[in-house]
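Residue numbers (the working numbering): 6 to 357.
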């Protein structure tokens, strides 16, 4: 497991990263706790796009393959361990699946290990939240290539046009809410991959605006603070009780992120402690692990012991952060004692 250097991390952004992952974790325990908890994924993709713009436009930015390999190897070990742990938690279903069709079961495992879940030709993941990382790795690589090698045309024409087409398809002038889909558009475009790529691209546009016009936001900080507070309130309302209006989060999320990025903003003052950097660093572990905790809590507490779901939610939330911390520490320890290690340095150096 790769350690994370915290010295240059923005605490407010890490806080938002943590809360968006927590939102997704609650959503997966039970959809009755909030109306549109899945929108945490949108938040995360847009954050990824903001920093992808910053990384891809550096004079020393690496090539696409180096960038993708470096990104994947940061989280792959935890991804793998979480997948194996979930297989243990769901062992009865796994055995039944193998008894019916062991060939397909093995091939599904292979596709998940290669993070191919959202590429269109393979079954969905056992660790269902991790479709996100399939998009982040493969879709993110395509967006990165566009920003790295075709910056101007991507930001000025391609990304805005694709975003308009995508939101029109999803929301139909505000009459529909079809963001959370898993099919294939027109028989050729995997929906989840396209969704993630568009939202990462949208994040790139937000990053372009902020990093090129940062002084404007600093000069108008009071107005920005007011708009971001209102945006945060409306974002929470949509997530909790008004998912039909999900299209509006694409207005509110950029304002919230820009406020978090701007020095001296109310968000940078509220979320300024090292605890937020620590929680942000833990957010990935929460993300890959929480499907296992959902399975355990729902089975033993709700099904076996007949405990009401609000109480199950409370226990789940109490356990989530300590479990993720223990999981992260275990992965760090285990990766350190493994007798066989995969060394990517020669590949990365060759491709640099």
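Even glycine gets a Cβ: it sits at the ideal position worked out from N, Cα and C.
All values derive from a computational prediction rather than experimental measurement.
Rounded straight-line distance, which links the Cα of residue j to that of residue i
i, j, result
"residue 258", "residue 108", "43 Å"
"residue 50", "residue 320", "28 Å"
"residue 253", "residue 172", "10 Å"
"residue 40", "residue 174", "21 Å"
"residue 272", "residue 265", "5 Å"
"residue 325", "residue 185", "25 Å"
"residue 74", "residue 53", "16 Å"
"residue 10", "residue 26", "Unreliable positioning characterises residue 10 in this predicted model, as indicated by a pLDDT of 49, which lies under 50. The coordinate reading is nonetheless provided below. Their Cα atoms are separated by approximately 20 Å."
"residue 82", "residue 71", "18 Å"
"residue 55", "residue 216", "9 Å"
"residue 170", "residue 190", "13 Å"
"residue 275", "residue 330", "24 Å"
"residue 76", "residue 334", "20 Å"
"residue 59", "residue 96", "43 Å"
"residue 20", "residue 233", "15 Å"
"residue 238", "residue 121", "36 Å"
"residue 194", "residue 124", "9 Å"
"residue 67", "residue 164", "21 Å"
"residue 167", "residue 291", "31 Å"
"residue 94", "residue 230", "45 Å"
"residue 222", "residue 214", "10 Å"
"residue 87", "residue 29", "17 Å"
"residue 247", "residue 182", "11 Å"
"residue 303", "residue 317", "7 Å"
"residue 192", "residue 139", "19 Å"
Simplified DSSP state of residue i, which is helix, strand or coil
i, result
"residue 312", "coil"
"residue 189", "strand"
"residue 64", "coil"
"residue 195", "strand"
"residue 344", "coil"
"residue 230", "helix"
"residue 7", "In this predicted model, residue 7 has a pLDDT of only 39, less than 50, meaning its place in the structure is not dependable; the value taken from the coordinates is given anyway. In the structure shown, residue 7 sits in coil (DSSP, three-state: anything other than H, G, I, E or B)."
"residue 225", "coil"
"residue 202", "helix"
"residue 38", "coil"
"residue 177", "coil"
"residue 128", "coil"
"residue 13", "coil"
"residue 237", "helix"
"residue 218", "coil"
"residue 325", "helix"
"residue 1", "Given a span of 6 to 357 for the chain in the structure shown, any question on residue 1 remains unanswerable."
"residue 170", "helix"
"residue 184", "coil"
Cβ neighbour criterion (16 or more within 10 Å) applied to residue i
i, result
"residue 104", "exposed"
"residue 65", "exposed"
"residue 101", "exposed"
"residue 187", "exposed"
"residue 126", "exposed"
"residue 7", "Any reading at residue 7 needs caution, since the residue's pLDDT is 39, under 50, leaving its predicted position unreliable; the model's value is listed next. When all chains shown are included, residue 7 counts as exposed."
"residue 268", "exposed"
"residue 281", "buried"
"residue 342", "exposed"
"residue 327", "exposed"
"residue 261", "buried"
"residue 416", "Outside the shown range of the chain (6 to 357) lies residue 416, about which nothing can therefore be said."
"residue 45", "buried"
"residue 22", "buried"
"residue 178", "exposed"
"residue 57", "buried"
"residue 137", "buried"
"residue 256", "exposed"
"residue 311", "exposed"
"residue 212", "buried"
Endpoints, the alpha helix (DSSP H) within which residue i is located
i, result
"residue 275", "271-275"
"residue 259", "254-266"
"residue 132", "No alpha helix (DSSP H) contains residue 132, which DSSP labels as neither H nor E."
"residue 124", "First-last for residue 124: undefined, no H or E at that position."
"residue 286", "279-301"
"residue 43", "Note, residue 43: premise wrong, no alpha helix (DSSP H); not H, not E."
"residue 410", "Limits of the chain in this structure are 6 at one end and 357 at the other, which puts residue 410 out of reach."
"residue 74", "69-94"
"residue 162", "It is not in any alpha helix (DSSP H) - residue 162 carries neither H nor E in the DSSP assignment."
"residue 111", "107-118"
"residue 305", "No alpha helix (DSSP H) holds residue 305; DSSP gives it neither H nor E."
"residue 145", "145-154"
Residue i CB to nearest heavy atom of the ligand HEM below 7 Å
i, result
"residue 281", "Although the ligand HEM was asked about, the structure shown includes no ligands whatsoever."
*asked:* For the structure I just gave you, are there three or more beta carbon pairs, one from the segment 203-212 and one from the segment 144-151, closer than 8 Å?
replied: Contact between the segment 203-212 and the segment 144-151 is present, because at least three Cβ pairs lie under 8 Å.
*Is it true that the segment 132-140 meets the segment 294-303, where meeting means three or more beta-carbon pairs spaced less than 8 Å apart?*
Yes, the segment 132-140 touches the segment 294-303.
*asked:* Three or more C-beta pairs under 8 Å: does that hold for the segment 300-320 against the segment 31-46?
replied: Yes, they touch.
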